[in-house]
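Asks: Residue numbers (this note's numbering): 99 to 400. C-beta: ideal position from N, C-alpha, C; glycine also.
#1: Compute the Euclidean distance between the alpha carbons of residue 315 and residue 338, then round it to the nearest angstrom.
#2: CA-CA distance, residue 313 and residue 351?
#3: Can you tell me whether residue 345 is buried or exposed, with buried defined as 16 or more other CB within 10 angstroms of its CB?
#4: Cα-Cα, which of 385, 289, 257 is closest to residue 342?
#5: Contact defined as beta carbons within less than 8 Å: I believe residue 260 pairs with residue 221. What is the distance between those atoms, to the nearest angstrom?
#6: Tell me which residue opens and which closes the alpha helix (DSSP H) that residue 312 is part of.
#7: CA-CA distance, residue 186 and residue 230?
#8: Report whether the distance from the Cβ of residue 241 to the nearest heavy atom of the ligand MG is below 7 Å.
#9: What ranges does the alpha helix (DSSP H) occupy inside the region 215-261, keeping only unbroken runs of at least 4 residues that lie completely in it?
#10: Using the rule of at least 16 other Cβ atoms within 10 Å of the residue's Cβ for burial, across every protein chain shown, is residue 164 buried or exposed?
#11: Between the beta-carbon of residue 327 and the beta-carbon of residue 257, is there less than 8 Å?
#12: In this structure, what does DSSP give as the bridge partners for residue 342?
#13: Where do the ends of the beta strand (DSSP E) carrying residue 163 lie?
#14: Verify whether the separation of the beta carbon atoms of residue 241 and residue 336 is less than 8 Å.
#15: Helix, strand or coil for residue 349 per DSSP?
#16: Keeping to the same chain, check which residues put their C-beta closer than 7 Å to that of residue 374; ignore five residues upstream and five downstream.
#17: Which value, in whole angstroms, describes the spacing of the CA atoms of residue 183 and residue 387?
#18: Using DSSP with H/G/I as helix, E/B as strand and the rest coil, what is residue 184?
#19: Under three-state DSSP, which class holds residue 320?
#20: Smallest Cα separation from residue 379: which of 347, 393, 330?
#21: Nearest to residue 225 by CA position, among 250, 205, 289, 206, is which residue?
#22: Please identify the residue among 227, 392, 181 whose C-alpha is closest to the C-alpha of residue 219.
#23: What is the residue span of the alpha helix (DSSP H) that residue 208 lies within?
#24: Enumerate in chain order the residues of its own chain whose CB-to-CB distance from residue 287 is below 6 Å, with the five nearest sequence positions on each side excluded.
#25: Would residue 213 be called buried (16 or more neighbouring beta carbons within 10 Å of its own) or exposed?
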């Protein structure tokens, strides 16, 4: 047996902390100052910057010694650091959306199970309905990735509304070619006091999380909603019931799709020109959970 493994476990962990980052905040994907660069020298889709996982100077060789040291080192790396996951939708300079990147996909299942402190930063132009829906879907993916058997003790959720104005400049590549470089930088919007929570319900997928002791909700959200979201995430893992809002339905006539090229059967009746359609009376920014029926947890809200 290696002399290192003969040391007490507490001493081994103390030595591993000299080799691995601990008590640090590690941003996965993008940082709080979101930015995007696009080089339009070719017709191929560029890689969005938020797909990049920054290096934290981890001495990865220590993870390859043996299984015992690997498990202990993984515990130090993922259990004793705060990981920040940024939720943003990469788009091009003409509004086209690129492939959505889930920052948790860079982690193995064993790494996700060891996470104890995380932050989720949502910084987007939520006035766009398509982006709003994609942000919700990405939050659902994150919740599904975390699962019910997580060890998370602390979570901080931040929501900021803003825009990504474009700037472009002429640049020269290493191969001598000159190209236009388009750059986006996140610019926060300061909403009015009566409009601060207009897009806060995009965070509703996070209500599926539970069993987390410390929850902090910040940013462009109303205090009442932040308190109730914190209380929901703090509920026991066994409690999965949430009161839902019942919306009525609207029935209207919609033009039937054009079927002139489809051959009808002999003597079959011709279908009417319009068909009745029913949809719910809910705007995309309205909640699906009845938050007024839930208790608040003001001690864990900023």
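Replies: Taking the structure as given:
#1: 20 Å
#2: 46 Å
#3: exposed
#4: 385
#5: 6 Å
#6: Taken as a continuous stretch (DSSP letters only), residue 312 belongs to no alpha helix (DSSP H), being part of the beta strand (DSSP E) at 312-317.
#7: 10 Å
#8: Questions concerning the ligand MG fall outside what the structure shown contains, since it holds no ligand whatsoever.
#9: 227-244
#10: exposed
#11: no
#12: 387
#13: Careful: residue 163 lies outside any beta strand (DSSP E) and carries neither H nor E.
#14: no
#15: strand
#16: 349, 351
#17: 24 Å
#18: strand
#19: coil
#20: 347
#21: 289
#22: 181
#23: 207-212
#24: 259, 260
#25: buried
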